[in-house]
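*Asks:*
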Amino acid sequence: MKGGLGQLKIGSVVVTSAWRLIKANPAVWAIFALIVIFSAIVPEKFLSVSNFVAILKNFAVTSMLAVGPTFVILLGSIDVSYMGVWMFGGALVWLLYPYLGLASIAIYPIFGLLVGLFNGVVHVKARVPSFILTLAVTAVFAFLTTYVRNVSGVLTLTVPAYNFLRESPIPYLPSPFLLALPVIVIALFIMFFTKFGTYFCAIGSNEEGAKLAGVNVEKYKTLAFTLSGLITGLGSIAIFVHLGCQTRVDFDPSELVRGLAAIVLGGTPLAGGMGGPHRTLLGALVYVLIFNGLFLLPGVDPNHLKLYVGTLLLGAVIAASRALRGALIA
Amino acid sequence: MAQTWISREWLQRNLNTIIPISGLIALVIALRAANPYFLTSWDSVITLVYGMSWFLIAACGLTLVILMGSFDFSVPSVLKLSAMIFAVLYPFIGFASIPVSIAVGLIFGFINGMLLARFNIPSFMATLATSMMAEGLAQVISGGYTRMITDPAFRALSTTMIFGLPSIFYWTIITWIIFIFITFATPFGRMIYAVGGNIVGTRLAGINVKMVRTLVFMICSMLASIAGILYASQIQGAHMQVGVLDMIPLFASVVVGGTALTGGVGGVHRTLLGVLIIRWLDSGLSMLAIDLNVRMIIFGAIAIVMTILTIDRRRIRIMK
Amino acid sequence: MSAANPIMEVKNVSKTFDRVVTALDNVSIEVRGNEIVSVVGENGAGKSTLMKILVGVYQPDSGEMYYLGRRVPFPKDPLDALRRGISIVYQERGVIPHLKVYQFLFLGLEEKFTKLGRLQLGKIIGLAKSVFEELGLECDLTSSIYELPPSTQKMVEIARAILSIKLMMVGDGGSEITPIIILDEPTAPLSLEERDELFNYLLNLKKSNSFIFVSHIIPEVMKFSDRIYVLRDGRVVAHHDLSSEKVTEDQLFREIVGRESYYDLWAKYVYGVGEVRERRAILSVRNLAKKGYFENVSFDLHEGECIGLFGPAGCGKSEIAKALYGEISADNGKIIVDGKEAKLKGEPYVRIKMGIGYFSGETGKELFLFWPIKKNLSIVNFEKVTKKPLKIASVISFKAESSLAEKIMKKLRIRAPSVEAECYSLSGGNKQKVSVGKWLEKNPKILVLEDPTIGIDVGAREEIYEVLLEMKRNGTAMILVSDDPKEYTILCDKIISVRNGIVQAVYTNEEFRRLMGL
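Residue numbers (numbering that gives the first Met the number 0), protein chains in the order written: chain A, 0 to 329; chain B, 0 to 319; chain C, 0 to 517.
1. Quick check: the Cα distance between B/Ile179 and B/Asn111, rounded to an integer number of angstroms?
2. Start and end of the beta strand (DSSP E) containing C/Gln503?
3. Quick one: give me the first and last residue of the beta strand (DSSP E) that C/Val36 is part of.
4. What's the gap between the Cα of B/Phe91 and the Cα of B/Thr145?
5. For C/His238, does the three-state DSSP call read helix, strand or coil?
6. If we call anything under 8 Å between Cβ atoms a contact, is C/Arg31 one with C/Asn4?
7. Quick one: Cα of C/Ile355 to Cα of A/Phe224, how far?
8. Which term fits C/Asp249, buried or exposed, when burial requires 16 or more other beta carbons within 10 angstroms of its beta carbon?
9. Alpha carbon to alpha carbon, how far is C/Ile161 from C/Lys205? Give it in angstroms, no decimals.
10. Is the shortest distance between the beta-carbon of A/Lys22 and the beta-carbons of chain C less than 8 Å?
11. Who are the neighbours of B/Gly257 on chain C, taking C-beta pairs under 8 Å?
12. For the segment 128-143 of chain A, enumerate the residues whose C-beta is nearer than 7 Å to any C-beta of chain B, in chain order.
13. Got a sec: is the Cβ-Cβ distance from B/Pro75 to anything in chain A below 8 Å?
14. Could you tell me whether the segment 60-74 of chain B touches the segment 248-267 of chain B, using the rule of 3 or more Cβ pairs below 8 Å?
15. Using DSSP bridges, identify the partner residues of C/Leu287.
16. Is C/His518 helix, strand or coil by DSSP?
17. Which same chain residues, not among the five before or five after A/Pro335, have their C-beta less than 8 Å away from its C-beta?
18. Below 8 Å between beta carbons: does that hold for C/Ile211 and C/Ile179?
19. CB-CB under 6 Å to A/Leu288, same chain, minus the five flanking residues each way: which ones, in chain order?
20. How far does the alpha helix (DSSP H) with C/Asp183 in it extend, from its first residue to its last?
21. Mind checking whether C/Leu308 and C/Ile495 have CB atoms under 8 Å apart?
22. Among the residues of its own chain, which have a CB less than 7 Å from the CB of C/Phe369, if the five just before and after it don't count?
23. Leaving out five residues on either side along the sequence, give the residues of the same chain with a beta carbon under 7 Å from the beta carbon of C/Gly173.
24. Could you give the uninterrupted runs of the alpha helix (DSSP H) lying entirely in the segment 167-216 of chain A, keeping only those of 4 residues or more?
25. Note down, in chain order, every chain B residue with its Cβ under 7 Å from the Cβ of A/Ser371.
26. Touch check for the segment 166-185 of chain A and the segment 124-139 of chain A: three-plus C-beta pairs under 8 Å?
27. Less than 6 Å between C-beta atoms, sequence neighbours within five positions excluded: which residues of the same chain meet that for A/Phe176?
28. Check the Cβ-Cβ distances between B/Ile206 and every residue of chain C, and say whether any is below 8 Å.
29. Can you grab the Cα-Cα spacing for the pair A/Ile262 / A/Ser62, in whole Å?
30. So with Cβ pairs under 8 Å, would you call A/Lys218 a contact of chain B?
31. The beta strand (DSSP E) spanning A/Lys44 covers which residue range?
32. With distances taken from CA atoms, which of C/Met470, C/Thr186, C/Glu461 and C/Gly428 is nearest C/Val447?
33. For C/Lys493, count neighbouring C-beta atoms within 10 Å of its own C-beta (all shown protein chains included) and say buried if the count is 16 or more, exposed if not.
34. Can you say whether B/Gln138 is buried or exposed, counting buried as having 16 or more other CB atoms within 10 angstroms of its CB?
35. Report whether the distance from the Cβ of C/Lys339 to the nearest heavy atom of the ligand MN is below 7 Å.
36. Keeping to the same chain, check which residues put their C-beta closer than 6 Å to that of C/Gly522; ignore five residues upstream and five downstream.
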């Protein structure tokens, strides 16, 4: 009897929390809608196993670019250094492989951590607007990566020794997705089971109030940037494997927009204070579904990707701009 | 008296001016040392003029936006799109393609301005999105191919020699002077500084902030368009690489000139200094056979350092 | 512990800023167990400086602090103050809107609930529940702060203050001491009913806590305090124990504003208010409403007339003023300026064109602090300083700009080296004069004034009143919103009393004076 009641209670908790989740995250509706639409238009292509795997892979890549910076966006700041971490981190792995062997993949998180720490310290101490700062960091590392490629006279910075990572032990679940899972778990843990998530939200919601409440704002801002770098560094391993154990060597702004778009689509407002990695995951899924489905449609030219990405980002920020109404912003 | 005007305070107050000027002098000396032929022949002067004329026009537009405390990423993309429209349409409608091209620029500026003023979307985000769209459109109308125009009239727009200097030089200087005049001596210019200095106060003083913001973004995109048209004329056509590597140098030259990223401080007049420094540095570095990517890294670093130095921290309580 | 013995006591506290401005001069106060002690005074009387010393934000220049009879050093920082059982609830900046209630309750206190880096959410929520039960507070712990009504937000803040003291003091016999909670103008954002709700809550909490209630709203102070300290110009000028003596609101009011010189100033102008002759109505407001702020506001403003909107802070008076100026938009009703109907969804620039100007004492808001005086003065007067040489574009004439600025500076006696001086280097009073000066030559039909003399000294006040009265004589109509009843009697012909966003009554200057006992 008691157990039955308990089960009933658990069941109702699940239902109510599922309902709350849907109510709080319009992205869930968008995901349903996209699946329904594309299943209706191009069922044989969209609902295939290979497409499912492709979606999972792309989801892994997009979410790994977006989950880290979400912590910084919670502050109301912005971090676009993920491109730099991803690109140059890979170059470092390639450069150091001859010396460190397989351990050189650990460069990724270490490099991410250091870049994040640098961003945080410069932003907090020298008071540089975070967007410009992290964009410059990304640009510097992106050009550095291209430079490394040019100087070493190879076409790609590939480390074939890691090819074993591309084999997935579980059928239908691609290895980039499996590599992304622990990173997602870490991010969610930080958000919901440590005080950091609360602190980041508090700073984004009312920085002065957080200071008055005894939160060391400078410390936790720096920490958010550092975490963002670290998580991106860890996540970059999944992207590295996805691309065939190599890194990107030329900067592509549509990749940069990808992360931002996933965050905005997920419903974390740029003004900060609310949202989190859980929303970004949903946003990443929306982003992936849109582009996955779009390129299955007849007459859609992948060469015009930038046009679509730009339009999508624009639509997303306009839709999300309600949270910013009323304030006069830069 | 000497003590009073070269005091520590004086130095701090005029840091924005001292750094660019001393930087320029140091740069000229260094370039002279590295290359004895630097600026000795008239040809090298003309090369420099070609290198920075169109660039200065675009930088003037960006300066206006930064003076308001906003940012515009779409400058290089609009520049490319305008160059492309001009080159693609020229064989069909001739110079009538110039107004078309500028109109497209104005539309992009209008969208940017409205996104900020009406929808309250941070300008860097809004312009990042529109820059992607402009890039995409350029790709669509060109099909990704280089468009060469061999018609001498097309080329004459920028390269007609007047008093030993190409016409693009005069276009640029006229634009530059007009915008110095607008920012210093017209109410509209005053309003741009006002928005950058204290946006709430500007609104309360009865200035239509939304209109000023929209207009400034339109001017910025229009100048990017003009720069693109002149550049297309200078290089006899347009290709997809136009403007690709220009965002960092553009931004660097604005802040190196001494215009603070936080708005309200600096001006179009300063941007000439910044452009001189950045373009000379660029040509000096390429003379030393330094890789393009490394040059970009250097510009990025300069931009960040100058941003740190020029931000007026007295007026910013919370930095996002 | 007997209630008469003070828990906390400060003696002879003095504090000066920049070695010149004396904020506090030999102030001594004490806080006893389980009482509400009020500290009242005007803006700038030193209330907030004293509170900041008590919570360790400022260090005093001299003075002593006693805790439970023992001499202790002044707290070094807010955390140190917490350990002594003193916490503060700030006026408005303390709330963090997007946090959940339990997150806000424990913000900054998570250390004690962390195990191996993992937050023990169950423990936190359990404790939060028991705290809320103990305090008699009812609200959903998982809702976000901004979803709560303002009074509940304040209560949650107070609960947070008590909780943080309790958690900090566990280990030094924390259960035995009485926490001291400082409430800095807690009622400012609240409506009248919400205030009553808050006060009932406080009276309930008094059983186990002491409160320092900082306010300038006299009726509230009279109603709920056990003792009252009156602060004026950095000194304690009166101390009343309401259990043993009777004090009238009137007496308290005189003690608060009783500066001789200010009184003189008031006496000089108070009878100077002219008769309102039948003049043209220049502004007609009909049934103006904005949901949640004010409703059904109607009045006529005539040329050269000044109408005051009077009421407690948060009653909707400043929102009405802002709606007239276009800083916020009303939802309903009509605003007719000189026969022309204004759009309700107006921006300030539209209203200025119609002839409405605005001046607020909050100088940081309106002034361009890093601009020279002349640019600040010409920003609304472009048509006066521009020429149209080519008939198409207007060009600023720097000469005209300077002479305009010099003219205004002379008239207002703005003390500055030149018209080129940057505004941030001016004193508060001079800043205010620059702020009001820009309207002098603009000659708006209507000038909306919000706290025009807040935080400035008597001399500067007088000069600003002079300017305003002269503009009034020249036919400028005015709307005044202020916290100082005297200001109304100096400037206004008619006073509209507003409560909870509804017009209660209309008084003439004389009736108002009688009502206020002036």
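The beta-carbon is built from N, C-alpha and C at its ideal position, and this holds for glycine as well.
*Replies:* A quick look at the data gives this:
1. Linking B/Ile179 to B/Asn111 through their CA atoms gives a straight-line distance of about 23 Å.
2. Ile501 to Thr507
3. Ile35 to Val39
4. So the two alpha carbons sit approximately 17 Å from each other.
5. Taken through DSSP and simplified to helix, strand or coil, C/His238 comes out as strand.
6. yes
7. Their Cα atoms are separated by approximately 47 Å.
8. exposed
9. When rounded, the distance between both Cα atoms is 12 Å.
10. no
11. Chain C residues near B/Gly257: none, gap ~15 Å exceeds 8 Å.
12. Pro128, Ser129, Phe130, Ile131, Leu132, Ala135, Ala138, Val139, Phe142 and Leu143
13. Judged by the 8 Å Cβ criterion, B/Pro75 is not in contact with chain A.
14. yes
15. C/Val296
16. Outside the shown range of chain C (0 to 517) lies residue 518 of chain C, about which nothing can therefore be said.
17. Residue 335 of chain A lies beyond the stretch modelled for chain A, which goes from 0 to 329, so this question has no answer here.
18. yes
19. Cβ neighbours of A/Leu288 beyond the five flanking positions: Leu33.
20. Per DSSP, C/Asp183 belongs to no alpha helix (DSSP H); it is in the beta strand (DSSP E), Ile179 to Asp183.
21. yes
22. Glu421 and Tyr423
23. Note that C/Gly173 has pLDDT 47, beneath the 50 cutoff, so the model's placement of it is unreliable and the number below is only indicative. The beta carbon of C/Gly173 sits closer than 7 Å to those of Lys165, all from its chain and outside the five residues before and after it, given in chain order.
24. 174-192, 194-204 and 206-211
25. This structure gives no information on residue 371 of chain A, because the portion of chain A shown stretches from 0 to 329.
26. no
27. Leu55 and Ala59
28. B/Ile206 counts as touching chain C.
29. 9 Å
30. no
31. It is not in any beta strand (DSSP E) - A/Lys44 instead sits in the alpha helix (DSSP H) that spans Pro42 to Phe45.
32. Considering only alpha carbons, the answer is C/Met470.
33. buried
34. buried
35. What this structure holds is no ligand at all, so the ligand MN is not there to describe.
36. Because residue 522 of chain C is not part of the residues shown, which for chain C are 0 to 517, the question remains open.
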